[in-house]
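Residue numbers for the sequence shown follow the working numbering, beginning at 122 and rising by one. Each residue gets a CB set at the ideal place from its N, CA and C atoms; glycine is no exception. Remember, predicted model here, so these are calculated numbers, not experimental data.
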Amino acid sequence: MLSSIFILFITCSYIYPINAQPQLRTGNTLDRIVAIVGSEIILQSTLDAQIILMAEHDSSIDPNDENIRKKVLDELINRNILITKAEEDTISVSDELVEERWNIYYQELLNYFGSIERIESIYKKSINRIKLETRDEIKKMLMSQQLEAKLLSDVEVTGKEIDSFYHDFKDSIMVLPTIPEQVELLHIVRYIYPDTVSKKNTYDLAKSVRDSIVSANCSFADAAMKYSADIATAKDGGDLGWAGKGIFVPEFERAAYSLQKDEISLPIESPFGFHIIQLIEKEKDSIHCRHILFKLAQSDSEVEKVKNLLDSIKSVATADNFAELALKFSEEKETKGFNGSLGKFSIREFPPTIAVTAKKLKDGEISSPEPYQMDPLKAGMHIILRKETFPEHRPNLEQDYNFIKRYATEYKRFNLRKELIAKLRKEVYWEILD
């Protein structure tokens, strides 16, 4: 029992923002409240969604297992107890941190579903609507995490505790899992930038459409349906609905808030392309507007230029000098400072497009230039080095000390958290409904 509960705690990243989940229930089954925690409620649909999402990440989890259901509900109750206590203690979270976590969550969605269009199709909402509905939930989760950090402080383990943990659990794959075969990958990224001609042509088109609307040759809604590259809002005439500050990218938000009611902006450039914006209504901290998006197209010449550059880099690259070349030529700031390292993971833990390429390579081999887009606003290409393969093995203190230390730390945190939750359950009202 201890092992499985510990594993649930370790994998509690599967507890997703509630409002961020797609509609997973079908048919005419009515939703119901399964638990109450303070002023918060937990719905049957939320519980079901969490279990399904966990099962999608781990094929060994049976969504119909009653024990799993009880444990997930218990963890949802624990999370809401922490949220309730955090609200009582007026724990504050900055808008900047909420925005940062939203961006991370959004990137995870993009990596999982593959495109903005796919996300919007699955969730049946525009990406801006998903963001609006998710921000409050992310804020609550951050508040609960800050409360944990405040009450538990930084958990550290001594060398003696690491040794003790290893000797107690070295044969338990439930607590200290086998390290699967892993590969170390490095890459060099170059981004594709729109050329001047493409940019000017896109701006001119946006300006022409804007002039037609202002001249009453067509309505804003009709123009949005015809021209907008934002397929989620085009069908609604470009209507973005009400949105609070911080929802839109800064360039868009500044332009939108500067407009008067019914005024239409000149083309505004953002990382997504050019927009023309019409203000519908405005309040102090929220805005209702619509837009038409004109995406910047990649020219064949710019794609070819980046491909040729990466081919040139590959022609002089070896397993020995690849890190040096990545530091010099790569444009991805997240990996450039680490010599282009993508880390050491099992193949399946890498993004799908990278995993497919890595499977084809032998140790020391470098791929040909391939499309690369982890940031939805930055299209590019990259070459990948499969540096080394590490075979599957049971953790040992000589090779995997940091791995064991991480699990020993989580185990200690798990026990401290369990004590904290037991204490808070006596202070916060909660109830499971039949």
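Going by C-alpha to C-alpha distance, which of the options sits closest to residue i?
{"i": "residue 432", "options": "233, 309, 541, 206", "result": "309"}
{"i": "residue 247", "options": "375, 282, 353, 221", "result": "353"}
{"i": "residue 551", "options": "181, 172, 200", "result": "200"}
{"i": "residue 279", "options": "295, 180, 523, 267", "result": "523"}
{"i": "residue 428", "options": "463, 489, 189", "result": "489"}
{"i": "residue 407", "options": "267, 315, 374, 258", "result": "374"}
{"i": "residue 298", "options": "417, 372, 268, 528", "result": "528"}
{"i": "residue 230", "options": "538, 496, 509, 492", "result": "496"}
{"i": "residue 504", "options": "510, 521, 482, 372", "result": "482"}
{"i": "residue 517", "options": "510, 531, 293", "result": "293"}
Tell me the residue span of the alpha helix (DSSP H) that contains residue i.
{"i": "residue 371", "result": "371-379"}
{"i": "residue 171", "result": "165-178"}
{"i": "residue 473", "result": "473-481"}
{"i": "residue 228", "result": "216-234"}
{"i": "residue 208", "result": "187-209"}
{"i": "residue 239", "result": "237-244"}
{"i": "residue 529", "result": "522-545"}
{"i": "residue 393", "result": "No alpha helix (DSSP H) contains residue 393, which DSSP labels as neither H nor E."}
{"i": "residue 368", "result": "Premise fails: residue 368 is in no alpha helix (DSSP H) and is neither H nor E."}
Buried or exposed for residue i, please, with buried defined as at least 16 other CB atoms from any protein chain shown within 10 angstroms of its CB.
{"i": "residue 556", "result": "What is shown of the chain runs 122 to 555, which leaves residue 556 out entirely."}
{"i": "residue 485", "result": "exposed"}
{"i": "residue 323", "result": "buried"}
{"i": "residue 394", "result": "buried"}
{"i": "residue 351", "result": "buried"}
{"i": "residue 461", "result": "buried"}
{"i": "residue 178", "result": "exposed"}
{"i": "residue 340", "result": "exposed"}
{"i": "residue 378", "result": "exposed"}
{"i": "residue 515", "result": "exposed"}
{"i": "residue 543", "result": "exposed"}
{"i": "residue 288", "result": "exposed"}
{"i": "residue 129", "result": "Note on residue 129: pLDDT 48, under 50, position unreliable in the model; the coordinate value appears next. Burial call: buried."}
{"i": "residue 274", "result": "exposed"}
{"i": "residue 439", "result": "exposed"}
{"i": "residue 498", "result": "exposed"}
{"i": "residue 211", "result": "exposed"}
{"i": "residue 538", "result": "buried"}
{"i": "residue 122", "result": "Caution is warranted here: a pLDDT of 39 is assigned to residue 122, below 50, making its placement in the model unreliable, and no coordinate value can be reported."}
{"i": "residue 241", "result": "buried"}
{"i": "residue 508", "result": "buried"}
{"i": "residue 163", "result": "buried"}
For the beta strand (DSSP E) containing residue i, name the first residue and the last one.
{"i": "residue 364", "result": "360-365"}
{"i": "residue 259", "result": "Element bounds for residue 259: not the beta strand (DSSP E) but the alpha helix (DSSP H), 248-273."}
{"i": "residue 340", "result": "First-last for residue 340: undefined, no H or E at that position."}
{"i": "residue 308", "result": "303-312"}
{"i": "residue 463", "result": "462-466"}
{"i": "residue 493", "result": "491-493"}
{"i": "residue 285", "result": "That residue, residue 285, is in no beta strand (DSSP E); its alpha helix (DSSP H) goes 280-290."}
{"i": "residue 457", "result": "It is not in any beta strand (DSSP E) - residue 457 instead sits in the alpha helix (DSSP H) that spans 454-457."}
{"i": "residue 510", "result": "501-511"}
{"i": "residue 418", "result": "Taken as a continuous stretch (DSSP letters only), residue 418 belongs to no beta strand (DSSP E), as it is neither H nor E."}
{"i": "residue 157", "result": "154-158"}
Sorted by chain position, which residues of the same chain lie with C-beta nearer than 8 Å to residue i's C-beta, five sequence neighbours on each side aside?
{"i": "residue 272", "result": "541"}
{"i": "residue 263", "result": "214, 218, 219, 222"}
{"i": "residue 381", "result": "400"}
Checking 8 Å against the spacing of the C-beta atoms, do residue i and residue j come in under that value?
{"i": "residue 283", "j": "residue 526", "result": "yes"}
{"i": "residue 412", "j": "residue 359", "result": "yes"}
{"i": "residue 214", "j": "residue 260", "result": "yes"}
{"i": "residue 252", "j": "residue 389", "result": "no"}
{"i": "residue 547", "j": "residue 276", "result": "no"}
{"i": "residue 500", "j": "residue 313", "result": "yes"}
{"i": "residue 198", "j": "residue 170", "result": "no"}
{"i": "residue 344", "j": "residue 415", "result": "no"}
{"i": "residue 265", "j": "residue 207", "result": "yes"}
{"i": "residue 348", "j": "residue 370", "result": "no"}
{"i": "residue 417", "j": "residue 315", "result": "yes"}
{"i": "residue 337", "j": "residue 346", "result": "no"}
{"i": "residue 182", "j": "residue 513", "result": "no"}
{"i": "residue 205", "j": "residue 161", "result": "yes"}
{"i": "residue 311", "j": "residue 430", "result": "yes"}
{"i": "residue 463", "j": "residue 456", "result": "yes"}
{"i": "residue 202", "j": "residue 158", "result": "yes"}
{"i": "residue 243", "j": "residue 234", "result": "yes"}
In its own chain, which residues sit with a C-beta less than 6 Å from the C-beta of residue i, not counting the 5 before and 5 after it?
{"i": "residue 465", "result": "303, 305"}
{"i": "residue 506", "result": "307, 443, 487"}
{"i": "residue 454", "result": "none"}
{"i": "residue 232", "result": "472"}
{"i": "residue 402", "result": "409"}
Cutting at 7 Å between CB atoms, please list the residues of its own chain near residue i, excluding the five before and the five after it.
{"i": "residue 450", "result": "309, 434"}
{"i": "residue 165", "result": "152, 153, 155"}
{"i": "residue 250", "result": "362"}
{"i": "residue 397", "result": "327, 330, 331, 385, 386, 388, 412, 413"}
{"i": "residue 320", "result": "417"}
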